[in-house]
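In case it helps, our numbering puts the sequence shown at residues 58 to 325.
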Amino acid sequence: MMPHLRVLVRAPVALAWTLGVPWWLRVRGFLLFRRWRNRRATDLISLWARGLAWIMGVRVVCRNPRPEPMGEVIVANHLGFLDVPVLGWFFPAVFIIKMEMRRVFYFGSALQAQGHVFVDRGSSDSRRTARDGVRQVLEDGDRIIVFPEGGASAEAVRPPFKPFCFHEAARQNKLVQACVIDYLPHRSMLRWDVTRPMLPQLVETFGRRRTEVSLEFFPAERIEDPDAAARRYHDLIERKLLEYDREAGLPGRAQPDSEDAHAPRQVA
Numbered sequence: 058m059m060p061h062l063r064v065l066v067r068a069p070v071a072l073a074w075t076l077g078v079p080w081w082l083r084v085r086g087f088l089l090f091r092r093w094r095n096r097r098a099t100d101l102i103s104l105w106a107r108g109l110a111w112i113m114g115v116r117v118v119c120r121n122p123r124p125e126p127m128g129e130v131i132v133a134n135h136l137g138f139l140d141v142p143v144l145g146w147f148f149p150a151v152f153i154i155k156m157e158m159r160r161v162f163y164f165g166s167a168l169q170a171q172g173h174v175f176v177d178r179g180s181s182d183s184r185r186t187a188r189d190g191v192r193q194v195l196e197d198g199d200r201i202i203v204f205p206e207g208g209a210s211a212e213a214v215r216p217p218f219k220p221f222c223f224h225e226a227a228r229q230n231k232l233v234q235a236c237v238i239d240y241l242p243h244r245s246m247l248r249w250d251v252t253r254p255m256l257p258q259l260v261e262t263f264g265r266r267r268t269e270v271s272l273e274f275f276p277a278e279r280i281e282d283p284d285a286a287a288r289r290y291h292d293l294i295e296r297k298l299l300e301y302d303r304e305a306g307l308p309g310r311a312q313p314d315s316e317d318a319h320a321p322r323q324v325a
């Protein structure tokens, strides 16, 4: 099938699927009000993610089995749009999302109803509100997926991690779990370009016959020093991406100095 035909088939199906999930959320909330009135729709978010990944022709390559127990704060590198359905596939959770998405007609209110946390990183008030949102998610016993870099990048060398979610995880003694996401055969082919409009990039993604995404999971752990944990997870994920590049024979920057002690400890 030609790319433009794939777009013509997949885009309406993906739109219908994405529109349908919020409606099912409303119906379920009406029919089962007492059970679901104070709960976030992490199960439906995961269902939507699996469905969207399938519609878009995404094949997930797991480099290892996901360890148990599952973390309550999931941290990952951010490469592009596909990160959301792929991670949502494996982790029933809400996300921290850029405030721009809150302003999108219909979808913004749907995302809010699902329980996601919005943040404008350029606003101190918004960051404070987001911290409160993360705190409430964890206090309610729900799971949250965080891209602590604060933006997407296709490079193996990652921007510094922002530590505020690590602080909340430590304060509530929650399990933190890291995973590394990568696009195959090389992440630059599907990199998210923040200088370009979103719609053309989505069209390009829908037009691909098959998209392979790899995931590598690490054991969940409880952290004591949030700032040190943010640096350690940053180094771990960066080191893995550089390792993938070397295995693929791709040119890259030298691996930064790091210690094996940076690897997370598994929780018994």
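Quick reminder that beta carbons are idealized off the backbone N, C-alpha and C, glycines included.
Provide the residue(s) that pair with residue i in DSSP beta bridges, ordered along the chain.
i	result
R116	E269
C236	A133 and F274
F175	I154
V214	According to DSSP, V214 bridges with nothing at all.
R279	L232
L241	E269
I202	I131 and F152
Is it the case that the Cβ atoms of residue i and residue j are separated by a distance below 8 Å?
i	j	result
W74	S103	no
R159	F148	no
A98	L76	no
V115	P142	yes
G51	V151	Here the chain comprises residues numbered 58 to 325, so residue 51 is not present and cannot be evaluated.
D189	S183	no
I294	R215	yes
Shorter than 8 Å from the beta carbon of residue i to some beta carbon of chain C?
i	result
R288	Judged by its chain identifiers, the structure shown contains no chain C, having just a single protein chain.
Ignore the nearest five residues each way along the sequence and tell me which others in residue i's own chain have a CB closer than 7 Å to its CB.
i	result
V64	V260, F263 and G264
P79	A167 and A170
K297	V237 and E273
G137	A209, L247, R248 and W249
Looking only at its own chain, which residues have a Cβ that is under 8 Å from the Cβ of residue i, when we skip the five neighbours before and after it?
i	result
A71	L109, I112, M113 and F263
V118	L241, E269, V270, S271 and L272
Which residue's Cα is closest to the Cα of residue i: the options?
i	options	result
Y290	R192, F274, L62 and G198	F274
E281	L299, E225, E212 and P126	E225
T252	R215, P242 and A209	A209
R120	D239, V203, R188 and F164	D239
E278	M156, F87 and F223	F223
G179	F204, V118, E157 and M59	E157
K155	A227, G207 and R188	G207
A305	E295, P242 and Q258	P242
I153	R303, P60, F218 and F204	F204
L218	A133, D189 and Y163	A small correction: the amino acid at residue 218 is Phe; Leu does not occupy that position in the sequence shown. Minimum Cα distance to F218 is reached at A133.
L139	R303, M255 and P122	M255
A227	W105, L195 and F87	L195
D292	Q258, A235, R303 and S181	A235
Counting only the same chain and skipping the five closest in sequence on each side, list residues whose C-beta sits under 6 Å from that of residue i.
i	result
P220	P283, D284 and A287
R192	E225
R244	L136 and A211
R107	W146
R67	I112 and F263
Tell me whether the stretch 253-271 and the stretch 218-232 touch, counting them as touching only if at least three CB pairs, one residue from each stretch, are closer than 8 Å. no
Could you tell me whether the stretch 185-202 touches the stretch 126-141, using the rule of 3 or more Cβ pairs below 8 Å? yes
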